[in-house]
Amino acid sequence: ATPGMRAKIQANENLALLGAVFSGDPAGRNCTIDPQRCNFYGTRFSFAHGALIMGEMQVAVNPGKNPAGLPGIYKIGFWHATTEYADQRLGIDPATGALVSLADPAFTPDPLNHRGNWGIYGVVDQMIWRNGERSVNVFMRGGVTPNDRNVVSAYIDGGIGIKGLIEGRADDKLTFGIAHAKISNSAVALDRDRLAFNGPPSPIRNGETVFELSYVAQILPYWSIQPDIQYIVRPSGGVAHPSNPNAVIGNALIVGARTTINF
Numbered sequence: 573a574t575p576g577m578r579a580k581i582q583a584n585e586n587l588a589l590l591g592a593v594f595s596g597d598p599a600g601r602n603c604t605i606d607p608q609r610c611n612f613y614g615t616r617f618s619f620a621h622g623a624l625i626m627g628e629m630q631v632a633v634n635p636g637k638n639p640a641g642l643p644g645i646y647k648i649g650f651w652h653a654t655t656e657y658a659d660q661r662l663g664i665d666p667a668t669g670a671l672v673s674l675a676d677p678a679f680t681p682d683p684l685n686h687r688g689n690w691g692i693y694g695v696v697d698q699m700i701w702r703n704g705e706r707s708v709n710v711f712m713r714g715g716v717t718p719n720d721r722n723v724v725s726a727y728i729d730g731g732i733g734i735k736g737l738i739e740g741r742a743d744d745k746l747t748f749g750i751a752h753a754k755i756s757n758s759a760v761a762l763d764r765d766r767l768a769f770n771g772p773p774s775p776i777r778n779g780e781t782v783f784e785l786s787y788v789a790q791i792l793p794y795w796s797i798q799p800d801i802q803y804i805v806r807p808s809g810g811v812a813h814p815s816n817p818n819a820v821i822g823n824a825l826i827v828g829a830r831t832t833i834n835f
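Here the numbering used here is used: the first residue of the sequence shown is 573, the next is one more, and so on.
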């Protein structure tokens with residue numbers, strides 16, 4: 573959690589503009605370890621390292637509680653962080669000032685920091701069929717960030733949601749989705765450097781893909797249960813197994829459930 577401000581301009585029922593500015597440093601000053609350990613209780617409201625700025629435009633199609641047409645929402649937005657971010661592949665040799673690979677064992681380079689970070693994204697959520705209380709929606713999200721200062725440079729997901737699939741259970745929702753995160757070119761180049769300098773086993777990351785199936789069962793008006801199944805292909809993009817460096821972490825199957833009670 574960080575201090576911040578949010579604002580929204582509702583131009584009309586079809587168009588809204590949103591903006592926000594937050595502290596860009598939830599960990600606090602002089603944190604050199606896991607930020608969650610630096611700020612264990614989430615109450616260190618620091619202003620030490622820049623700001624996180626976000627903006628979004630939302631366009632609603634057929635808005636309202638009971639529209640005549642099929643409703644949908646379309647969003648496009650950006651975020652910009654003003655602090656510094658280290659390069660994913662290169663560092664600076666303190667002796668010569670030359671750029672060297674972080675994987676080169678001959679050097680102990682200082683970080684090559686880039687000023688600021690940013691991303692742009694879009695969201696689509698559109699109903700494509702409706703019959704009384706039953707409906708079908710399709711959704712898609714995607715975004716990109718710079719290659720040189722981010723582990724993940726592109727992300728996309730999409731899927732379909734069906735409300736009232738079973739006759740007589742109009743409030744239940746079945747959702748199937750697919751998501752893919754692409755490892756940035758700079759992070760992949762660092763993996764190739766590790767392979768070149770150190771030899772195998774040095775896996776080269778690619779991307780992570782997730783398939784998810786969930787069902788929200790509305791047991792009572794205030795109580796729902798949501799079983800969920802996920803299958804993850806190449807967790808973390810394909811990294812070495814911690815107990816067997818000659819192999820990568822295998823695909824993962826996750827089965828869980830969530831329950832929600834509204835008072």
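Idealized CB from N, CA, C, for every residue including glycine.
- Judged by DSSP secondary structure, Arg830 falls within the beta strand (DSSP E) whose first and last residues are 824-833.
- Membership of Arg764 in the alpha helix (DSSP H) is indicated by the continuous run 757-770.
- When the alpha-carbon of Thr680 is set against those of Trp690, His686, Pro666, the nearest one is in Pro666.
- Following the DSSP letters along the chain, one finds Arg609 inside the alpha helix (DSSP H) bounded by residues 607-610.
- Pairing Asp743 with Asn719, the inter-Cα distance amounts to about 42 angstroms.
- In the DSSP assignment, Phe748 forms a beta bridge with Ile732, Leu785.
- The Cβ atoms of Gly591 and Arg616 do not sit closer than 7 angstroms to each other.
- Boundaries of the beta strand (DSSP E) harbouring Ile645: 644-664, taken from the DSSP string.
- Each residue's CA atom was taken as its position, placing Glu780 and Ser756 some 12 angstroms apart.
- Excluding sequence positions up to five before and after Arg764, its CB lies within less than 7 angstroms of the CB of Ile776, all in the same chain and listed in chain order.
- Fewer than three beta-carbon pairs drawn from the segment 720-729 and the segment 622-641 are found closer than 8 angstroms, and the two stretches are therefore not classed as touching.
- Taking the CA atoms as reference points, Ile645 sits about 6 angstroms from Val633.
- In the three-state DSSP reduction, Pro773 falls in the coil class, being neither helix nor strand.
- By alpha-carbon distance to Thr717, the top candidate from Tyr794, Leu589, Ala753, Asn778 is Ala753.
- In this structure, Asn778 places its C-beta atom within 7 angstroms of the C-beta atom of Gly809.
- Contact holds between the segment 788-806 and the segment 825-833, because three or more Cβ pairs, one in each stretch, are under 8 angstroms apart.
- Contact fails between the segment 687-707 and the segment 658-672, because fewer than three Cβ pairs, one in each stretch, are under 8 angstroms apart.
- In the structure shown, Gly809 falls within a helical segment according to DSSP collapsed to helix, strand and coil.
- The continuous beta strand (DSSP E) containing Tyr693 extends over residues 682-703.
- Looking at the DSSP output, Gly715 shares a beta bridge with Tyr693, Tyr727.
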